[in-house]
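Encoded as C-alpha cells, the structure appears first; notes follow it.
In the UniProt record's numbering, the protein residues as written are 1 to 327.
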C-alpha cells in the first residue's frame, strides 16, 4: 500500500457525494442512496478512507457537520458501525435507536437502514453477507437460508463486544499502515476470518445459544458430502438417488443419517436451500426484467402456488411483494 492508498478523500457537498457514489463502483458510498445536512444549510462535508481485506470492507469516516443518511432497503453485507468520537441517532426499519458512545450499531442485509442524525468519526465494518452466513453455517453444521436476525445494538459493556472492537480496531490500524504484514493475504485473510467469527459471538441472534454450547457432534461423512453437493448445485436436478450415489451410501442410509443428524430428509433440506436462494434472487432482481415464475422455475419450484405458500410462510410476504421491494 502506498501513501496515496492511505489518503483521506474529502467530500464537500452533496454533489461531491453523488459524483463519488456514481463514479466509483468500489466506493462503500454506493450503498447510501441519499445523504444530506440535518438543517437547512449548505454546511455539508466529510472525509473518509477505505480499505478491503477478503470479505471485509473498512470505512473510516469523519462527518464534520450533522448529517442524515438513508441506507436503503437492501445491502450485500452485514454493516456494523463503531463510533470513535460521535453522537448519533439511527433507524433500521424495526425501531428507532438512539446510539451512544457505549453502543455499536448492527444493520442486517435486508431492511431499512439509516442515520437520522450523525456528527463525528466512526468506523464502518461491512462484511459480505455470504461470508457471515457461511461462517455461521460452518459452525452450526447446517445451512443458513435466510439472513441472521442480529439485534440492532451491541453494548460495549459486554466483554465479547469490547474484544471484538479491539480486533476491528487492530485490523483498521494495520490496514491503513503502509507495509503492514496484515495486508498480505497469508497473514490478513485468517485474521479477517477471525473477525467474522468474532462478530457471530459478540452480537445477539437466535443462533447464539447453539454457538455458546458445546461443539455439536460432527455430521457423518455421508451427510457432509450430500450437504456439499446441495450447497454447490442447488439449481441442478438433484434427486435423493443422486445425492446418495455421490455420498457413497444407499438411499436408505442417507435418509436415516439426515434424520438422525438434522431432523429432516435430504430432499426437504434441498427445498429449504432452494427457497432461500430464490428469495435472495427476488431481492436482487429487477422486477421490470424478472418474474416470480422465472425465479421459481430457476430453483426447481414447478408449482407456483406451493412456492408462494412456502415463501410467505418463511418470509412473511409473497414472492411478488419481495420482488417489488427490490425495485
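No residue lacks a Cβ here, since even glycine has one placed at the ideal position from N, Cα and C.
Close-in-space but distant-in-sequence residues of the same chain around residue i (CB under 8 Å, 5 per side omitted)
{"i": "residue 74", "result": "109, 110, 283, 284, 325, 326"}
{"i": "residue 238", "result": "229, 230, 270"}
Residue i, enclosing alpha helix (DSSP H) - first and last residue
{"i": "residue 197", "result": "185–202"}
{"i": "residue 58", "result": "It is not in any alpha helix (DSSP H) - residue 58 instead sits in the beta strand (DSSP E) that spans 56–70."}
{"i": "residue 230", "result": "221–233"}
{"i": "residue 153", "result": "That residue, residue 153, is in no alpha helix (DSSP H); its beta strand (DSSP E) goes 153–155."}
{"i": "residue 258", "result": "251–262"}
{"i": "residue 138", "result": "129–140"}
Simplified DSSP assignment, three categories, for residue i
{"i": "residue 113", "result": "coil"}
{"i": "residue 44", "result": "coil"}
{"i": "residue 309", "result": "helix"}
{"i": "residue 108", "result": "coil"}
{"i": "residue 238", "result": "coil"}
{"i": "residue 73", "result": "coil"}
{"i": "residue 279", "result": "helix"}
{"i": "residue 81", "result": "strand"}
{"i": "residue 290", "result": "coil"}
{"i": "residue 165", "result": "helix"}
{"i": "residue 320", "result": "helix"}
{"i": "residue 328", "result": "Outside the shown range of the chain, which is 1 to 327, sits residue 328, and nothing can be said about it."}
Residues near residue i in its chain [Cβ-Cβ closer than 7 Å; skip 5 each side]
{"i": "residue 136", "result": "144, 148, 200, 207"}
{"i": "residue 276", "result": "145, 146"}
{"i": "residue 210", "result": "140"}
{"i": "residue 164", "result": "198, 199, 202"}
{"i": "residue 63", "result": "46, 118, 119, 120"}
Proximity test, Cβ basis, 8 Å: residue i and chain D
{"i": "residue 36", "result": "No chain D appears in the structure shown, which is made up of a single protein chain."}
Cβ neighbours of residue i in the same chain (closer than 6 Å, five flanking residues each side left out)
{"i": "residue 309", "result": "none"}
{"i": "residue 320", "result": "292"}
{"i": "residue 79", "result": "107, 126"}
{"i": "residue 60", "result": "49, 123"}
Burial state of residue i (16 or more Cβ within 10 Å)
{"i": "residue 304", "result": "exposed"}
{"i": "residue 194", "result": "exposed"}
{"i": "residue 252", "result": "exposed"}
{"i": "residue 57", "result": "buried"}
{"i": "residue 177", "result": "exposed"}
{"i": "residue 132", "result": "buried"}
{"i": "residue 221", "result": "exposed"}
{"i": "residue 295", "result": "buried"}
{"i": "residue 118", "result": "buried"}
{"i": "residue 126", "result": "buried"}
{"i": "residue 8", "result": "exposed"}
Limits of the beta strand (DSSP E) - the one that residue i falls within
{"i": "residue 36", "result": "34–37"}
{"i": "residue 10", "result": "9–11"}
| query | Would the region 182–190 and the region 225–235 be scored as touching if the rule is three or more Cβ pairs under 8 Å? | reply | no
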